[in-house]
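Colleague: In mature numbering (1 follows the signal peptide of the UniProt record, and there is no 0), the protein residues as written are -30 to -1, 1 to 73.
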């Protein structure tokens, strides 16, 4: 490798390092942190977004039946688990399928 090739490679390396440092400084200095309520709590709504979502055009208006599906499935799961535990305590055998548990 000749001296010219080495100097070109060195110049390109310096230019790349300089560009990288400028990019990092630009990203770090873009936010000054003046709008933080607390350290790490810097969320702000976009302009025009309401303070309260309920009743605005952004309100998703979820159906109560859809919201209760998970609580219903959890209560059904707890009932099945109670049947399994009661059968295990009575017989000493664990049966996973509750339809196979005799009443």
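Where is the CB? At the ideal position from N, CA and C, for every residue including glycine. Computed from a prediction, not measured in an experiment: that's the story for all the values here.
When the Cα atoms are used, what is the spatial distance from residue 46 to residue 15?
Modeller: Taking the first residue of the chain shown as position 1, residue 46 is located at position 76. Taking the first residue of the chain shown as position 1, residue 15 is located at position 45. If I take the Cα positions, the gap works out to 40 Å.
Colleague: Would you identify the three-state DSSP class for residue 8, choosing helix, strand or coil?
Modeller: Residue numbering aside, residue 8 sits at position 38 when the chain shown is read from its first letter. Note: residue 8 maps to strand in three-state DSSP.
Colleague: Note down, in chain order, each residue of its chain lying with its Cβ closer than 8 Å to the Cβ of residue 54, except the 5 sequence neighbours on either side.
Modeller: As a first step, residue 54 is located in the chain shown; it is residue number 84 there, counting from the start. So the qualifying residues of the chain are 64, 65, 66, 68 and 71.
Colleague: Where does residue 18 sit, in a helix, a strand or coil, going by DSSP?
Modeller: Within the chain shown, the letter at position 48 stands for residue 18. In the structure shown, residue 18 sits in coil (DSSP, three-state: anything other than H, G, I, E or B).
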